[in-house]
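Step one of this worksheet: look at the structure below.
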Amino acid sequence: MHPSTTRCDIAIIGGGVVGSSVAYFTKQISASARVCVIEPDPTYALASTLRASGGCRVQFTCPENIDMSLFSIDFIRNFADRVSLPDRPATVDWVEGGYLFIVPSEHMKALAAHVDVQRGRGCDVVLLSARELADKFPSMNVGDLGGGAYTPRDGWCDPNGLLWGFRRKAQAMGVAYVKDRVVGAETTAHRVTGLRLESGARIVAEHVVNAAGAWAGEVARLMGMPLPISPLRRFEHYFTAGSPMERLPYVKDLARMAFRSEGVGFSGGVVDGNAARGFDFDIDHEYFDRVVWPAVAYRFPPLEAAKCHRSWSGLYEQCELDGNPVIGRWNRRLANLYTVAGFSGHGMMHAPAAGRAIAELITCGEFATLDLSRLGYERVEANAPYREAGIL
Ligand SMILES: Cc1cc2nc3c(=O)[nH]c(=O)nc-3n(C[C@H](O)[C@H](O)[C@H](O)COP(=O)(O)OP(=O)(O)OC[C@H]3O[C@@H](n4cnc5c(N)ncnc54)[C@H](O)[C@@H]3O)c2cc1C
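Numbering (my numbering), first residue to last: 4 to 395.
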């Protein structure tokens, strides 16, 4: 054997919030498992997790997404109790600020149907008319709205705290974080047999997990797996209002405007789902004035004099098939290769549930709590999209 070969039971590629959640839950279920996480950058300079805006919501329509949110939000709400270390509290600054989806009249019927699905799975959702919206949010221009769906128990947290809480706890439970990058893989007809690292070292593991976020498509290619996940640049902005206005929940509309109160101002933007794919972190400093400001000022006139203080960019790990994540094993080919990526903008909020699901699949051979089979790789192989009907 090559002198720098390390053996472990489970090798996780990518130590962002998703990979670190997989590591934590694997050790929770199987304390004796030898787990290592391969992560090239402990500062997470380009990782999506540290650029996320922290939103967590139950407003989906696929049962799997709703159920993942319910588990994850409860987990995040009680994060400190679950993952604090004796000498290091795990803080995520959970804010139960709520989510609000607003739609014009012609979409109210669909929104009401989504609300029924969410209520049927135990979510607390209130359907508001335009009049009720205006009463609750006096700054909102409701002239062209039919109403909205409000989920008061949704909110947002600090993504950095979530990632580091998982990582520190996983390390305390014995998980090894290897500062290196996976650059190659050895495979047989049915298994991944080894991972080659940039340093020249090699890792041999019983199970290999691809949790490389926006890089997951590239990592999959190293193993001959076509995975339709690409990097999609998104801008986030911090801005303040010109005149006083009420605090807002996470407000979203059909044009993908999405923002919420943050401190004395607001954080958010307008997602451009058609942006060119690629590992591009350049910031278009005119995007706020050109796209975001008109949208937020139209909806909330006190934002007409909004001032943008900071803009940053980050990558969505966009699943080009249907915008839903790929969570599962490559059963037909490399049966010890697991994928947990492609969350398309929801990976922080779903990291706890997705991490637990992969940990169950590895240690028990099947999903034990939430059945996420419909999110598996089989739908990619069959080119059968499984779409969210809910507003993204
Ligand atoms: C502006 C913005 C706002 C967002 N807002 C929200 C939100 O409100 N709510 C929400 O839920 N989500 C949000 N997201 C999405 C969220 O950030 C991601 O879905 C989530 O962070 C994905 O986590 P991850 O661990 O898979 O990816 P990452 O955090 O990117 O981690 C992947 C890791 O893999 C490592 N890696 C890459 N290649 C290799 C390799 N070859 N070998 C080993 N390691 C490798 C990288 O170094 C990286 O650290 C937002 C994203 C952006 C950009």
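Glycine included, every Cβ here is placed at the ideal spot set by N, Cα and C.
Note that the coordinates shown come from a computational prediction; the quantities given were computed from them, not determined experimentally.
Spatial distance of residue i from residue j (CA atoms)
i, j, result
"F28", "A261", "31 Å"
"W296", "I105", "18 Å"
"E323", "D90", "43 Å"
"R382", "M111", "30 Å"
"Y301", "E307", "8 Å"
"D283", "C65", "31 Å"
"Q62", "H353", "13 Å"
"A208", "S264", "45 Å"
"Y153", "D161", "22 Å"
"P3", "K182", "Residue 3 is absent from the model: the chain starts at 4 and stops at 395."
"A356", "C367", "16 Å"
"L136", "L103", "10 Å"
"D287", "I76", "33 Å"
"W97", "I79", "7 Å"
"D12", "T372", "22 Å"
"Y253", "G17", "29 Å"
"T8", "L340", "19 Å"
"G317", "D256", "21 Å"
"L131", "R156", "16 Å"
"R184", "F169", "20 Å"
"V178", "A34", "10 Å"
"V128", "P247", "28 Å"
"L49", "Y180", "18 Å"
"G101", "I361", "28 Å"
"R336", "V38", "23 Å"
"I32", "E363", "8 Å"
"R1", "G123", "The shown model of the chain, from 4 to 395, leaves out residue 1, and the question about it has no answer."
"A406", "E42", "Residue 406 lies beyond the stretch modelled for the chain, which goes from 4 to 395, so this question has no answer here."
Close beta carbons around residue i, own chain, < 7 Å, minus the five adjacent residues each side
i, result
"G187", "R199 and L225"
"C133", "Just to set this straight, residue 133 is Ala in the shown sequence, not Cys. Taken in chain order, the residues that qualify are V145, L148, G149 and G150."
"A83", "P92, A93 and T94"
"A338", "H193, R194 and R332"
"A278", "L235 and R236"
"A173", "S23, A26, Y27 and K30"
"G281", "P234"
Span of the beta strand (DSSP E), counted from its first residue to its last, around residue i
i, result
"A188", "V185 to T190"
"R205", "R205 to N213"
"W315", "K310 to C322"
"T342", "L340 to A344"
"D12", "T8 to I16"
"A55", "Per DSSP, A55 belongs to no beta strand (DSSP E) and is neither H nor E."
"G271", "G268 to V273"
"P2", "There is simply no residue 2 to check, as the chain begins at 4 and stops at 395 in what is shown."
"M260", "M260 to E265"
"A83", "Counting along the chain, A83 falls outside any beta strand (DSSP E), though it belongs to the alpha helix (DSSP H) covering F82 to V86."
"F104", "Y102 to V106"
"T154", "G150 to T154"
"G348", "Taken as a continuous stretch (DSSP letters only), G348 belongs to no beta strand (DSSP E), as it is neither H nor E."
"C65", "Per DSSP, C65 belongs to no beta strand (DSSP E) and is neither H nor E."
"K255", "Y253 to K255"
"A179", "A179 to V181"
"T196", "V195 to L200"
"G331", "V329 to R332"
"I41", "V38 to I41"
Nonlocal neighbours in the same chain, by C-beta distance under 6 Å from residue i, ignoring five residues either side
i, result
"M176", "K30"
"A298", "M260 and V273"
"V20", "T52, L165, L166, M351 and A354"
"I15", "G22, V25, A26, V40, V212 and A214"
"G345", "I232, E320, C322, P328 and V329"
"F74", "A356"
"E189", "T196 and G197"
First through last residue of the alpha helix (DSSP H) which encompasses residue i
i, result
"L225", "A219 to L225"
"Q31", "V20 to I32"
"Y301", "W296 to R302"
"H117", "M111 to G123"
"A137", "A133 to K139"
"F383", "In the sequence as displayed, the identity of residue 383 is Val instead of Phe. Here the alpha helix (DSSP H) through V383 covers E381 to E384."
"R171", "P162 to A175"
Ligand 2 heavy atom lying under 6 Å from the CB of residue i
i, result
"F169", "Inclusion of ligand 2 in the displayed structure is not the case, the ligand content consisting of ligand 1 alone."
8 Å Cβ shell around residue i - same chain, five flanking residues per side excluded
i, result
"F291", "F238, H240, F242, G272, C311 and S314"
"P304", "S142 and N144"
"P229", "A223 and V383"
Assess, as a yes-or-no matter, whether the segment 236-243 is touched by the segment 304-323 under the definition of 3 or more beta carbon pairs within less than 8 Å.
yes
Contact the segment 381-394 vs the segment 325-334: 3+ CB pairs below 8 Å:
yes
Would you check if the segment 201-212 and the segment 229-241 touch, i.e. whether three or more CB-CB distances between them fall below 8 Å?
no
If contact is defined by three or more beta carbon pairs under 8 Å, each pair taking one atom from either stretch, is the segment 51-62 in contact with the segment 369-382?
no
Would you be able to state if there are at least three C-beta pairs under 8 Å between the segment 111-129 and the segment 208-226?
no
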